[in-house]
Amino acid sequence: MAAPCSSGVAPERAAPSSGMYKLEIELRRGHNLAVRDRGGSSDPYVKFKLAGKEVFRSKTIHKNLNPVWDEKVTLIMDSLSEPLYIKVFDYDFGLQDDFMGSAYLYLESLEQQRIPVTLVLKDPQYPDQDLGSLELAVLLTPKDSPIEEQRDPGVCTLLLRRSWKRCNKLFVQTSLTQWRTWRTEPACPAFSCRIIKVNKYNNNFVCVDQQQQSVRLSELHRKSQLWRGIVSIALIEGRNLIPMDPNGLSDPYVKFRLGPQKYRSKTVPKTLSPQWREQFDLHLYEETGGVLELTVWDRDTGRRDDFIGRCQLDLSTLTKEQTHHLELPLEESRGYVVLLVTLTASAHVSIADLSITPLDDLQERREILRRYSFSNFRDVGIVQVKVMRAEGLMAADVTGKSDPFCVLELNNDRLQTHTVYKNLSPEWNKVFTFNVKDIHSVLEVTVFDEDRDRSADFLGKVVIPLLRIRNGEQKGYVLKNKELTGPTKGVIYLEIDVIYNTVKAALRTVVPAEQKYIEEEPKVSKQLLQQNFNRVKRCVMVLISYGTYINSCFEWESAQRSIVSFVLFVVVVWNFELYMLPLALLLLLLWNFFFSSSRETAEMVRKRDSEPKGFMDKLYAIQDVFISVQSALDEVASYGERIKNTVNWTVPFLSWLAITALCLATLLLYLIPLRYLVLAWGVNKFTKKLRDPYMIDNNELLDFLSRVPSDVQVMQHRELKVDPGQSPNKRRRTNLS
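Numbers in our numbering are just positions in the sequence shown, counted from 1, shifted up by 50.
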């Protein structure tokens, strides 16, 4: 549906629909836009789409129904047959943006002069609803026309062709900070073509060229991924937040955003002054910093979370290499958020061709070793990954080919290769370097298939713990599925080198590990429930096997083993010192290292858990899991309630009995050393079977607790009071109901 225009553009064509054209659009302002926020306002921004692809996105104007953008974009295209689709959204940080209306601008009807255009916004589902309008200024000229004006340094020029290749979705939506960083890079001969002039507020662009396209895409990806510094944020606490729940409290958490990067804190329940005490790092893509956005939310289970407030921090105002203690007031409500923020320079992150490998140069290697000395405890080392090639990948396109690219992730650091089009055995030949903050981190290498009109398709993945890497060894890794439980098609060839400081790595082991910026919300899964139950069951069975082995010594199942155990017990208890506790754990670790042959490998567990089962087998397995979990929870809750009821004098006789036993234990511990008591207990356990072979073993404490009623039993034992005003028949009917 074409939107009405104030200029009265005629429907007949004013320009032929073939050839190269330059379309200049000035997004001026909006009028009476729709209300989408609770405060009676909106945070509007505008998207331009052409042939289903986003070509421009405006900045966001907060809390304004009559926003003024004054932004310009220039599109160069070879066809006017496709209309320009304009959509307006309300920005909601952390949530899905709300639709505010759309309109079409038909390019074939434009005149070759600058004309003002007013587009009436409509919702296709509710065509009668008034959503306001947009005011534009549009100029369409042939590409080589003398009317073409001098370029404005603030204008975005995009080349749109029917044969263009879109940069990968993961990195094509790049922030303003990244673009400014690129502008400061020295010119590269392989990238010296006139490709893009980006509007200073534009967050989306397209990289296209008719020649050396793969080289340009590779250089574009390289520049877009390298960060200039690190912003370390310690979220300390919140103060005097507003209550959002009926109980007068909140369950607050904080969302952070810096460009395309996001982080979500943990939720602190039932408080207005939460103590988060979290630390995380974000990347800086421009030397001047950027704007850090914070929003505070109240977590509500089962419904949409409540918005508490927001604040912003301009990082360019902070001094680098210095920790800043900040108390940021929330803009839309009362309360403060307390942060510690530190800006530091990035040490060693790079993408290079295979011919440029830093660790192959001995002088560079020595310099890296010196850099990771004890002067800086933030990073413990460096990892260099050579991504050679892949073979036998899965065909993801209908042509029987794929457009593979490779993504490397180390904690929250992420880099990627360029795309090799129409190939199942691509060769990337790239070298990536990462800073290692934790030597126990895992390098994730994922291969995707690039698609023009949707998100990338998964082809395979491999995870490599850094401590398992053998330096300088070129190795082929079989790709796994998304769950990393089985193989998929393809092999990727990598050569990895890790250099780290052992002492610093050991010290970093005892500090909290780095968490992912945004963790996925847990989902209910019967299969995952059964898998986790089996894992817990295996751990419990190991403890039970140890207990059974110890009990067999008391039962004299093997006379030789029981005699040795008894002598060892007497010697250890008689000569016990505190240093024997870590010594015992040390001996256990050494025993398992040298002699243990009963350890079940993860592969054996995986094979056993992945055995094919029929529908009824799966149904019975899930039923068994639920019954077992239900029984275990009942057992744990019952014993906890019985301990509580013993202290609460629910059964006075048992409470007096407990007092007597505790007085006797106190007297014995006061008069007799603990060493003698433990020795007497052990002698009794070892000789009980010899004194009475037919004695039934028992646990006196559990036997005592089994006599104490749980809360469920207390309710069942409670007597109902008789109402004297009711007749026997009415009383009977009331009891039955």
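For every residue, glycine included, the Cβ atom is placed at its ideal position computed from N, Cα and C.
Do residue i and residue j have their CB atoms nearer than 7 Å?
i, j, result
"Val435", "Ile613", "no"
"Leu299", "Ile358", "no"
"Phe330", "Ile283", "yes"
"Tyr42", "Arg384", "Lying before the first or after the last residue shown, residue 42 is absent from the chain, which here runs from 51 to 787."
"Ser595", "Cys603", "no"
"Asp453", "Asp499", "yes"
"Leu125", "Leu160", "no"
"Asp301", "Asp348", "yes"
"Glu132", "Leu100", "yes"
"Asp178", "Tyr141", "no"
"Met150", "Leu77", "no"
"Val118", "Ser108", "no"
"Tyr527", "Ile489", "no"
Checking the sheet assignment: what are the DSSP bridge partners for residue i?
i, result
"Arg107", "Lys97"
"Asp295", "Its beta-bridge partners do not exist; DSSP assigns none."
"Val528", "Val541"
"Lys72", "Ile126 and Thr191"
"Gly385", "DSSP output for Gly385 lists no bridge partner at all."
"Asn485", "Ile432"
"Thr392", "Ser282 and Thr373"
"Gln362", "Glu343"
"Glu523", "Ile546"
"Gln413", "Beta-bridge pairing links Gln413 to no other residue."
"Glu328", "Leu285"
"Val167", "Leu186"
"His333", "Ile280"
"Pro790", "Past the boundaries of the shown model lies residue 790; the chain is included only from 51 to 787, so the question cannot be answered."
Classify residue i as buried or exposed, calling it buried when 16 or more other Cβ atoms lie within 10 Å of its own Cβ.
i, result
"Ser152", "buried"
"Gly89", "exposed"
"Gly597", "exposed"
"Val553", "exposed"
"Tyr303", "buried"
"Thr345", "buried"
"Ala730", "exposed"
"Gly510", "buried"
"Ser242", "Below a pLDDT of 50, predicted positions are generally treated as unreliable, and Ser242, at 31, falls in that range; the measurement from the model is reported next regardless. Classification for Ser242: exposed."
"Cys206", "For Cys206, the predicted model reports a pLDDT of 42, less than 50, meaning its position is unreliable; a value from the coordinates is still stated below. Cys206 is buried by the Cβ-count criterion."
"Glu769", "exposed"
"Val772", "exposed"
"His767", "exposed"
"Met127", "buried"
"Tyr629", "exposed"
"Pro774", "exposed"
"Glu691", "buried"
"Gly288", "buried"
"Cys456", "buried"
"Val256", "The predicted model places Val256 with a pLDDT of 37, which falls under 50 and marks its position as unreliable, so this point remains unresolved."
Under DSSP, the alpha helix (DSSP H) around residue i begins and ends at which residues?
i, result
"Gln146", "Element bounds for Gln146: n/a, residue is neither H nor E."
"Ala687", "Phe665 to Val697"
"Asn734", "Leu724 to Arg741"
"Pro702", "Pro702 to Leu721"
"Ala556", "Thr552 to Arg558"
"Ser615", "Ala609 to Trp624"
"Asp761", "Asp761 to His767"
"Leu751", "Glu750 to Arg757"
What is the residue span of the beta strand (DSSP E) that residue i lies within?
i, result
"Asn642", "No beta strand (DSSP E) holds Asn642; the alpha helix (DSSP H) holding it covers Met630 to Phe644."
"Tyr303", "Pro302 to Leu308"
"Tyr596", "First-last for Tyr596: Lys576 to Phe604, but that is the alpha helix (DSSP H), not the beta strand (DSSP E)."
"Tyr135", "Leu134 to Asp140"
"Leu181", "Careful: Leu181 lies outside any beta strand (DSSP E) and carries neither H nor E."
"Gln175", "Careful: Gln175 lies outside any beta strand (DSSP E) and carries neither H nor E."
"Gly89", "Segment: none, Gly89 is in no beta strand (DSSP E) and carries neither H nor E."
"Lys511", "Asp507 to Pro515"
"Leu460", "Pro454 to Leu460"
"Ala402", "Ser400 to Asp403"
"Lys312", "Gln311 to Arg314"
Please look up how many angstroms separate the CB atoms of residue i and residue j, rounded, as I've assumed it's under 8 Å.
i, j, result
"Gly182", "His81", "5 Å"
"Ser491", "Asn461", "5 Å"
"Leu363", "Leu378", "6 Å"
"Gly732", "Val592", "With 8 Å as the limit, Gly732 and Val592 do not qualify as a contact, their Cβ atoms being about 24 Å apart."
"Leu389", "Leu376", "5 Å"
"Leu186", "Val167", "5 Å"
Taking 7 Å as the CB-CB cut-off, is residue i touching chain C?
i, result
"Glu607", "Reference to chain C is not applicable here, since this structure consists of a single protein chain."
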